[in-house]
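Take the sequence shown: its position 148, counting from 1, is numbered 419 in the working numbering, and each next residue is one higher. Note that beta-carbon positions come from the ideal geometry of N, C-alpha and C, so glycine has one too.
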Amino acid sequence: MEALGRHLVIELYRCAAEKLNDVMHIEQSMIDAAKESGATVLNSTFHHFQPFGVSGVVVIQESHLAIHTWPEYGFASLDLFTCGDSVDTWTAYHLLKEAFEAEYGSATEMWRGSYRLLQEQQKVPTTPLTPAPIPIAPHYNRNVWLTERSEDCAFSLRHSGDLLYRKKSPYQDIKIYQTYKFGNTLILDDMIMCTEKDEFVYHEMIAHVPMLTHPDPKRALVIGGGDGGTVRELLRHENLEEVVLVEIDEDVIDSSRQYLPTISSALDHPKLKIHVADGIEYVKNCDDRRFDLIIVDSTDPVGPAEGLFNAEFYHQVHRCLTNDGILVAQSESPMFNAAVFQSVFQCHRDIFGAGQVHSYLAYIPTYPTGMWSFAYASKGSAHPLKSFDTERAHQFSEHHRLRYYNEMVHSAAFALPNFVRELLV
Numbered sequence: 272m273e274a275l276g277r278h279l280v281i282e283l284y285r286c287a288a289e290k291l292n293d294v295m296h297i298e299q300s301m302i303d304a305a306k307e308s309g310a311t312v313l314n315s316t317f318h319h320f321q322p323f324g325v326s327g328v329v330v331i332q333e334s335h336l337a338i339h340t341w342p343e344y345g346f347a348s349l350d351l352f353t354c355g356d357s358v359d360t361w362t363a364y365h366l367l368k369e370a371f372e373a374e375y376g377s378a379t380e381m382w383r384g385s386y387r388l389l390q391e392q393q394k395v396p397t398t399p400l401t402p403a404p405i406p407i408a409p410h411y412n413r414n415v416w417l418t419e420r421s422e423d424c425a426f427s428l429r430h431s432g433d434l435l436y437r438k439k440s441p442y443q444d445i446k447i448y449q450t451y452k453f454g455n456t457l458i459l460d461d462m463i464m465c466t467e468k469d470e471f472v473y474h475e476m477i478a479h480v481p482m483l484t485h486p487d488p489k490r491a492l493v494i495g496g497g498d499g500g501t502v503r504e505l506l507r508h509e510n511l512e513e514v515v516l517v518e519i520d521e522d523v524i525d526s527s528r529q530y531l532p533t534i535s536s537a538l539d540h541p542k543l544k545i546h547v548a549d550g551i552e553y554v555k556n557c558d559d560r561r562f563d564l565i566i567v568d569s570t571d572p573v574g575p576a577e578g579l580f581n582a583e584f585y586h587q588v589h590r591c592l593t594n595d596g597i598l599v600a601q602s603e604s605p606m607f608n609a610a611v612f613q614s615v616f617q618c619h620r621d622i623f624g625a626g627q628v629h630s631y632l633a634y635i636p637t638y639p640t641g642m643w644s645f646a647y648a649s650k651g652s653a654h655p656l657k658s659f660d661t662e663r664a665h666q667f668s669e670h671h672r673l674r675y676y677n678e679m680v681h682s683a684a685f686a687l688p689n690f691v692r693e694l695l696v
């Protein structure tokens, strides 16, 4: 070899799109290719972008292997560089072409640092140019990220590099990752639903605000929320006689039982009835004035949850509520998704009456912008502040050692920033 290193530039065409969007498969394939070609792996860093695309690098003792993928085009671009001639980069090329199921590939090999052009340095450092070999740990470091990305912003979490759970159900793509800062994280159709670290904010606020302002709730219905967090919080209230959970996707329930045990801990409670069914159809067939509280714990208004954001559905919800009944629904981020926030609020005002609908906020780190809203609609005289017993809420919060909700947070949640108030005019 007449150069310091070898550089292989690779293009792979007509690859399997699902392979190019699977960050774990790509990372493992790159590591396997490095090892099979004779390289010593030091660490790896890979990043998955939503909705598609992966970038990553495997650092080897001899240099690196890098990749970026375009699943929408079935294309991958790779860069393999090695120092010396101990690594067979062509072995790596063939293995990666096979791993990504490419129909066609091209590779250009270049020598880098030609000896004919190199000039020996006159000033030799006092320390050796070639230091003593550094012992390599038996396990290399992994640095793998998932990113929830919209057109204009993104949020990333570093995870272990392995999927705890993945299943393509009839309704959505379900994934559970083990993340370093937020614990096990439920992802539905590439959107973060909840994490072990901050789920308590959402679930405490969606449940306790209506429960502690209703005069005497006995029966509650939760539509969505198959992870179990909302019913867990509701079932802290001993006066409830019945809680019904209607979740369209049984796989969400099953995966949460297995990998989100602290969130799903109440799914076997004797007061809880679980129906694996379409929430829209359930309320259509529900008896009049059946529930004191209905909580719509839906995902974003896409996929199976899209129908949970229209007037027809909420007319049925109104019918199912008792005369003093309360509806609470998650209503998106007023900063990130103002149009949906406004439409939900207006829809509820049209059905329940302008003075019967209120908006309140909570702050959830893993949701877009952190600011998240809930719509509170009362069919009767219940009011989120006028009907609120602060001492009762204080005792409840203390007794159950709640982590976010208390009597002061309850009241403050309805104090809206000016820009949010303007959206509701």
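- Within the same chain, L279, I281, Y364 come within 6 Å of A378 by CB-CB distance, once the 5 residues on both sides are set aside.
- Straight-line measurement puts the Cα of F471 at about 45 Å from the Cα of Y284.
- In its chain, beyond the 5 residues on either side, R590 have a beta carbon closer than 6 Å to the beta carbon of D559.
- Taking C-beta atoms as the reference points, Q601 and F645 count as a pair closer than 7 Å.
- DSSP places Q601 within a strand segment (E or B) once states are collapsed to three.
- In this structure, V514 lies away from K468, with their beta-carbon atoms at least 7 Å apart.
- If you look at R620, you'll find it in the alpha helix (DSSP H) that goes 609–623.
- With a minimum length of 4 residues, the unbroken runs of alpha helix (DSSP H) contained wholly in the segment 328–401 fall at 360–370.
- Here A610 is exposed: its Cβ has fewer than 16 other Cβ atoms, across all protein chains shown, within 10 Å.
- The residues L428, R429, K468, in chain order, have a CB closer than 8 Å to that of K452 in the same chain once the five nearest residues on each side in sequence are set aside.
- When F352, F426, L538 are compared, the shortest CA-CA separation from Q321 is found for F426.
- Per the C-alpha coordinates, the member of H479, I338, G500 positioned closest to E509 is H479.
- D356 sits away from Y442, with the two beta carbons spaced by 7 Å or more.
- I565 carries a strand assignment under DSSP once its states are collapsed to helix, strand and coil.
- Cβ-Cβ separation between I494 and V567: approximately 5 Å, consistent with a contact (criterion under 8 Å).
- Contact between D498 and S527 holds, with the beta-carbon distance rounding to 4 Å and staying under 8 Å.
- The alpha-carbon separation between I545 and T360 amounts to approximately 55 Å.
- Beta-bridge pairing by DSSP links L492 to V515, I565.
- Secondary structure remark: continuous alpha helix (DSSP H) runs of at least 4 residues inside the segment 282–317, in chain order: 288–291, 294–307.
- Assignment of R692 by DSSP, reduced to helix, strand and coil, places it in the helix class.
- Here DSSP, grouped into helix, strand and coil, assigns L483 to coil.
- Note on geometry: alpha-carbon atoms of N292 and V415 lie some 13 Å from one another.
- Cβ neighbours of E307 within its own chain (closer than 8 Å, five residues either side excluded): T362, A363, L366.
- Around the CB of D423, fewer than 16 other CB atoms lie within 10 Å, so the residue is classed as exposed.
- Between L564 and the set K439, Y647, I463, A684, the nearest pair of CA atoms involves Y647.
- Apart from the 5 residues on each side of it in sequence, F562 sits with its Cβ closer than 8 Å to the Cβ of R490, A491, L492, V515, C591, L592, T593, G596 in its chain, given in chain order.
- In the same chain as I302, and ignoring 5 residues on each side of it, the C-beta atoms closer than 7 Å to its own belong to V312, S315, V329, in chain order.
- Straight across, the Cα-Cα distance linking E583 with D549 is about 15 Å.
- Residue range 582–591 is occupied by the alpha helix (DSSP H) that includes C591.
- Nearest neighbour of S300 by Cα position, chosen from L687, R663, A337, turns out to be A337.
- When DSSP states are grouped into helix, strand and coil, M476 belongs to the helix group.
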